[in-house]
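Peer 1: Per the numbering used here, the very first residue in the sequence shown carries number 6; after that it's consecutive.
Beta carbons: idealized from backbone N, C-alpha and C, even for Gly.
In this text the structure is predicted, and so the values were computed from the model without any measurement.
Below are the structure tokens for one structure; questions will follow.
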Amino acid sequence: MRSTCFLDQKGRILTDALLWKIPFVDPTLDKVVANKDEEIEYLIDVPGDSADLLLDHLKKYKLRRTKVNINDVSQDMSVHCVY
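Quick look at the structure:
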């Protein structure tokens with residue numbers, strides 16, 4: 006887990022976030038996929054009011070030929086924190 010923030014093209018902060026790096030889990034098999042490419046999944050935890058803005062920003066600047074998939078999985082999981 007890393008603390009991070011995302012910037013716009015002018016260098017202004019869009020949102021702060023927590024970045025989680027985990028092994029890719031195939032939802033159809035419900036197990037970790039281990040292959041020679043070592044697929045990795047990144048989860049970005051952001052405040053709910055800035056999630057759509059960040060998703061649009063990431064999709065806008067994703068290079069076409071990369072093998073990166075950007076998906077909103079907020080319907081599948083949530084984060085709860087108690088201070």
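Identify the residues that DSSP records as bridge partners of residue 28: which are they?
Peer 2: As a working note, residue 28 is residue 23 in the sequence shown. DSSP output for residue 28 lists 45 as bridge partner(s).
Peer 1: If you count every other CB in all the chains shown that lies within 10 Å of the CB of residue 78, and 16 or more means buried, which is it?
Peer 2: Position 73 of the sequence shown, counted from the first residue, corresponds to residue 78. It counts as exposed.
Peer 1: Short of 6 Å in beta carbon distance, which residues of its chain neighbour residue 84, apart from the five on each side in sequence? Order them along the chain.
Peer 2: Position 79 of the sequence shown, counted from the start, is the residue given in the question as residue 84. Cβ neighbours of residue 84 beyond the five flanking positions: 50.
Peer 1: In the DSSP assignment, find the unbroken alpha helix (DSSP H) run with residue 59 in it and report its ends.
Peer 2: For the purposes of this step, residue 59 is identified with residue 54 of the sequence shown, where counting begins at 1. Its alpha helix (DSSP H) spans residues 56-65.
Peer 1: Give me the Cα-Cα distance between residue 87 and residue 26, rounded to the nearest whole angstrom.
Peer 2: Here the question's residue 87 lines up with position 82 in the sequence shown. Here the question's residue 26 lines up with position 21 in the sequence shown. So the alpha carbons of these two residues sit roughly 22 Å apart.
Peer 1: If we ignore side chains and look at the alpha-carbon of each, how far apart do residue 12 and residue 52 end up?
Peer 2: Mapped onto the sequence shown, residue 12 falls at position 7. Mapped onto the sequence shown, residue 52 falls at position 47. Rounded to the nearest angstrom, the two C-alpha atoms are 15 Å apart.
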